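Take a look at the structure set out below.
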Amino acid sequence: MELIKPAFGLVFWMTLSFGIVFFLLRKYAWKPILNSLREREDSIADALNAARKAHEEMESLTADNEKLLAQARNERDEILKEARNAKDTIITEARTKATEEADRLTRIARENIQNEKMAAITDLKNQVANLSIEIAEKIMRSRLSDDEKHNSLVRKMMDDIKLN
Amino acid sequence: MFAAFFSNAGSHSMTLISRLLKSPSLLISMAVMLVLSMPAVAGSGTPVEGDAHGAEDFNPGEMIMEHISDAYSWHLWGHTSIPLPVIVYSEARGLDVFSSGHFDHGHMTYMGYALHGNKLVAVKEMQPVAVSEANLDEGLTASLWDISITKNVFSMFMSIALMLWLFISVAKAYTRKAGQAPSGLQSAIEPIIMFIRDDVAKSVIGEKHYLRFMPYLLTVFFFIWINNLLGLVPIFPGGANLTGNIAVPMILALITFIITTLNGNAHYWRHIVAMPGVPKWVLVILTPIEILGLFIKPFVLMIRLFANILAGHIVLLVFFFLIFIFGKDSATAGFVTSVPALAFTIFINCLELLVGLLQAYVFTFLSAIYFGMAVAEEHEGAH
Chain A
49 MELIKPAFGL VFWMTLSFGI VFFLLRKYAW KPILNSLRER EDSIADALNA
99 ARKAHEEMES LTADNEKLLA QARNERDEIL KEARNAKDTI ITEARTKATE
149 EADRLTRIAR ENIQNEKMAA ITDLKNQVAN LSIEIAEKIM RSRLSDDEKH
199 NSLVRKMMDD IKLN
Chain B
18 MFAAFFSNAG SHSMTLISRL LKSPSLLISM AVMLVLSMPA VAGSGTPVEG
68 DAHGAEDFNP GEMIMEHISD AYSWHLWGHT SIPLPVIVYS EARGLDVFSS
118 GHFDHGHMTY MGYALHGNKL VAVKEMQPVA VSEANLDEGL TASLWDISIT
168 KNVFSMFMSI ALMLWLFISV AKAYTRKAGQ APSGLQSAIE PIIMFIRDDV
218 AKSVIGEKHY LRFMPYLLTV FFFIWINNLL GLVPIFPGGA NLTGNIAVPM
268 ILALITFIIT TLNGNAHYWR HIVAMPGVPK WVLVILTPIE ILGLFIKPFV
318 LMIRLFANIL AGHIVLLVFF FLIFIFGKDS ATAGFVTSVP ALAFTIFINC
368 LELLVGLLQA YVFTFLSAIY FGMAVAEEHE GAH
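As you go down the protein sequences, you meet chains A and B in turn.
So the number in the numbering used here is just where the residue sits in the first sequence, counting from 1, plus 48.
So the number in the numbering used here is just where the residue sits in the second sequence, counting from 1, plus 17.
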C-alpha cells in the first residue's frame with residue numbers, strides 16, 4: 049500500500065521545488081538558451097541568404113561587365129572607323145585643295161608672265177619706234193643738208209603719194 | 018550488512034506491485050515474478066521487531082522494499098546513515114523540526130514521535146523511550162502534516178541544484194559567447210534541447226504554439242532524466258528511487274493535465290463533449306469515454322513512469338540479491354551465482370540507463386502530444 053500511496057511530504061516538496069525549478073529555469077535558462085538558438089539560426093539563415101544574393105549579384109555584375117566590354121569594344125571600332133574615314137576625307141580634301149591652289153598659282157603666274165611679256169613687247173615696240181624715228185631724223189638731217197637733196201626728196205615723196 | 022527495519026510491508030506490497038506492473042514489458046513481468054518467487058518474501062509476513070542488528074537472516078523482499086521506499090535517513094553502508102531533518106506539524110503540537118538521528122534507526126521515540134514501519138508516527142510519551150506498539154497515538158498520527166526532508170526530498174533537492182547549476186551556466190555561456198559556436202557543456206546540452214524543440218515540440222504541437230510549452234517540456238524532460246540517472250548511481254548521493262515514487266510522477270502528470278486543460282481551445286473541448294460528424298446516439302457512448310480519457314491520459318502517464326523506474330530498481334536488486342539468496346545456503350553457491358548475477362546486473366544497469374532516457378523522452382513526448390491536441394486548430398489535429 050505504501051508504494052502507491054503518495055506521501056504528503058514528498059508531494060508538498062515536489063510541487064514546491066518543481067515549481068521553483070521550473071520558474072527559475074524558464075527565466076534564467078530556457079528563455080536565453082532558446083532565444084540564442086533562434087538568433088543563431090536566424091543569423092545563419094541570413095548569412096546564407098546574403099551569400100546567395102552576393103553570388104547572384106556577382107554573376108549579374110560579370111554579365112554586365114561583359115556587356116560593357118563588348119559595347120566599349122564596338123564603340124572603339126566605330127571610333128576607329130570614323131577616324132580612318134575622317135583621315136581619308138581630310139587627305140583627299142587637302143590634296144584637292146593643294147592641286148587647285150597649285151593650278152591657280154600656275155595660272156596667275158602664267159597670266160602675269162603673259163602680261164609682263166606683252167608690256168615688254170609694247171615697251172620694246174615703242175622704244176624701237178622712237179629709235180627708228182630718231183635714226184630717221186638723223187638720217188634726214190644728214191641728207192637734207194643741202195637744198196638740192198631736200199627738193200629731190202620732197203619730189204620723190206610727192207611721187208610716192210598717189211592721190212588717186 | 019543491511020539493517021532490516023520494522024517492516025510489515027513485505028508480502029502484500031509485493032502482490033500490489035505485481036498488480037500494478039501489468040505492463041507489456043517483459044522486463045517488468047520478469048521482475049515481478051522474480052520478486053514473488055523469492056522464498057524470503059513468503060515468510061516475511063510477520064513484522065521484525067527490535068533487534069535486527071547482526072541478524073543473519075537475509076530478507077531480499079524487505080531489502081528491496083527498503084531500497085525503493087522513501088526513508089527518513091540516508092543509509093550509506095552498514096549501520097552508517099546520514100540523518101535528515103524531520104519537519105512535522107500538527108494542530109495539537111505545532112511545528113516540530115529535529116534530526117532523524119534521534120530516532121536511533123527507529124528504536125527510540127523523540128519529542129513524541131517515532132518511526133514505525135518506516136513511517137513517522139506520533140507517540141503518547143514525550144520523553145525518549147523505546148518504541149513499542151502500546152504507546153502509539155493513532156489519532157494524532159492521522160492528523161500529522163509530515164513535510165520532512167526525506168531521502169527522496171533530499172535527493173530531489175540535489176538534482177534540482179544540479180539542474181539549476183547546469184542549465185543556468187549553459188545559458189550564461191550562450192549570452193557570454195553570443196553568436197559563437199557552442200563549446201563544452203553547452204555543446205553537450207544543445208543537441209538535446211534542439212531535439213526536444215524540433216522533434217518533440219515543433220513536430221507535435223506545431224510552429225504556432227510550440228514555444229510557450231518549451232520551458233515545461235525541457236524542465237520535465239531533464240528533471241525526469243537526471244533523477245532517473247541519479248537513481249541508478251548505487252552510492253550517495255545517488256540511489257534514491259525518486260521517479261519511481263508515485264508522488265513524483267503524480268505531480269508531473271498532474272501539471273501536464275493542468276497545462277493541457279488550461280490551454281484547451283474550443284476545438285479541443287468540442288471534440289471531447291460532442292465529437293463533430295458523429296451520430297447523436299453514438300455520442301452517448303463516446304462523450305463519457307472522451308471525458309474519462311481526459312483523466313486516463315495523465316493517469317497512464319504517471320503509471321508508466323512510476324512502474325518503469327520502480328521495476329528497473331527492483332529488477333536490478335533482484336539480480337544482485339540472487340547472489341545472497343544462493344549464498345545463504347552455501348557460500349560456494351553464492352560465489353558461483355555471483356558471476357552470472359553480476360553479468361545480469363550490469364546488463365540491466367545498461368538497459369536502465371536507456372530506460373531512464375526513454376521514459377523521460379516518452380513522458381515529454383506524450384505531454385507534448387496532449388498539449389498539441391489542446392491547441393490544435395480546426396482540420397489540423399488528429400481525431
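Idealized CB from N, CA, C, for every residue including glycine.
Fair warning: this is a prediction, and the values are worked out from it, not measured in the lab.
- Based on Cα-Cα distance, which residue from B:Ile241, B:Ala391, B:Ile263, B:Ser355 lies nearest to Val379 (chain B)? B:Ile241
- Quick one: using the 10 Å Cβ neighbour count with 16 as the cut-off for buried, is Ile127 (chain A) buried or exposed? exposed
- In this structure, does DSSP put Met125 (chain B) in helix, strand or coil? strand
- Query: Excluding sequence positions up to five away, which residues of its chain have a Cβ less than 8 angstroms from the Cβ of Glu108 (chain B)?
  - Reply: Ser160
- Query: If you drop the 5 nearest sequence neighbours on each side, which residues of the same chain put their C-beta closer than 6 angstroms to that of Leu112 (chain B)?
  - Reply: Tyr106
- Query: Once you ignore the five residues that flank Asp154 (chain B) on each side, which residues in its own chain have a CB closer than 7 angstroms to its CB?
  - Reply: Ala139, Val140, Lys141
- For Leu383 (chain B), count neighbouring C-beta atoms within 10 Å of its own C-beta (all shown protein chains included) and say buried if the count is 16 or more, exposed if not. buried
- Query: In whole angstroms, what is the alpha-carbon distance linking Glu87 (chain A) and Gly196 (chain B)?
  - Reply: 8 angstroms
- Query: Which residue or residues does DSSP assign as beta-bridge partners of Asp113 (chain B)?
  - Reply: B:Val105
- Query: According to the neighbour-count rule (16 or more other Cβ atoms, all chains shown, within 10 Å of its Cβ), is Ile45 (chain B) buried or exposed?
  - Reply: Interpretation of Ile45 (chain B) is limited by its pLDDT of 45, a score under 50 that renders its predicted location unreliable; the figure taken from the coordinates is listed afterwards. By the neighbour-count rule (16 or more Cβ atoms within 10 Å), Ile45 (chain B) is buried.
- From the DSSP output, which residues share a beta bridge with Thr97 (chain B)? B:Trp94
- Task: Give the C-beta separation of Ser84 (chain A) and Tyr191 (chain B) to the nearest angstrom, bearing in mind that I take them to be a contact with Cβ-Cβ under 8 angstroms.
- Result: 4 angstroms
- Taking contact to mean at least 3 C-beta pairs separated by less than 8 angstroms, is the stretch 281–298 of chain B in contact with the stretch 339–352 of chain B? no
- Stretch-stretch touch, CB-based, cutoff 8 angstroms, three pairs: the stretch 326–339 of chain B with the stretch 357–375 of chain B: yes
- Task: Note down, in chain order, every chain A residue with its Cβ under 9 angstroms from the Cβ of Phe174 (chain B).
- Result: Trp61, Ser65
- Starting from His133 (chain B), follow its DSSP beta bridges and name the residues at the other end. B:Lys136
- Would you report the Cα separation of Leu339 (chain B) and Gly78 (chain B), rounded to the nearest angstrom? 12 angstroms
- Task: Would you mind reading off the limits of the alpha helix (DSSP H) that contains Arg229 (chain B)?
- Result: 227–249
- Query: Would you say the stretch 213–220 of chain B touches the stretch 261–276 of chain B, given that touching needs at least three Cβ pairs under 8 angstroms?
  - Reply: no
- Can you name the start and end residues of the alpha helix (DSSP H) that Val353 (chain B) belongs to? 348–392
- Query: If we count the other Cβ atoms within 10 Å of its Cβ and call it buried at 16 or more, is Trp94 (chain B) buried or exposed?
  - Reply: exposed
- Just mark Arg427 (chain B) as buried or exposed, buried being the case when its beta carbon has 16 or more other beta carbons within 10 Å. Given that chain B is displayed from residue 18 to residue 400, the structure contains no residue 427 (chain B) and the question cannot be resolved.
- Local conformation of Met205 (chain A) per DSSP, three classes: helix
- Message: Can you give me the C-alpha to C-alpha distance between Ser180 (chain A) and Val202 (chain A), rounded to a whole angstrom?
- Response: 20 angstroms
- Message: Using a 10 Å radius around the Cβ and a threshold of 16 neighbouring Cβ atoms, would you call Pro266 (chain B) buried or exposed?
- Response: buried
- Message: By the three-class DSSP mapping on this structure, what secondary structure does Ala291 (chain B) have?
- Response: coil
- Item | Cross-strand partners of Leu183 (chain B) (DSSP beta bridge) | For Leu183 (chain B), which the question treats as bridged, DSSP gives no partner whatsoever.
- Query: Would you say the beta carbon of Ser91 (chain A) comes nearer than 6 angstroms to a heavy atom of the ligand GTP?
  - Reply: Absent from the structure shown: the ligand GTP. Ligands present: none.
- Query: From the beta carbon of Ile52 (chain A), is the nearest beta carbon of chain B less than 7 angstroms away?
  - Reply: yes
- Query: Name the chain E residues whose beta carbon is nearer than 7 angstroms to that of Ile81 (chain A)?
  - Reply: No chain E is part of this structure, whose protein chains are labelled A and B.
- Answer with yes or no whether the minimum CB distance from Pro232 (chain B) to chain A is below 7 angstroms. yes
- Residues of the stretch 257–276 of chain B with a CB closer than 8 angstroms to any CB of chain A: list them in chain order, please. Asn262, Ile263, Ala264, Val265, Met267, Ile268, Leu269, Ile272
- Task: List the whole-angstrom C-beta distance separating His284 (chain B) from Ala385 (chain B), where the pair is believed to meet the contact cut-off of C-beta under 8 angstroms.
- Result: The pair is not a contact, with the Cβ atoms about 18 angstroms apart (cut-off 8 angstroms).
- Task: Less than 8 angstroms between the CB atoms is what I'm expecting for Trp78 (chain A) and Met319 (chain B), so what's the real figure, rounded?
- Result: With 8 angstroms as the limit, Trp78 (chain A) and Met319 (chain B) do not qualify as a contact, their Cβ atoms being about 24 angstroms apart.
- Counting along the chain, where does the alpha helix (DSSP H) carrying Asn280 (chain B) start and finish? 264–280
- Message: Taking the straight line between their C-alpha atoms, what separation do you get for Val114 (chain B) and Pro199 (chain B)?
- Response: 46 angstroms
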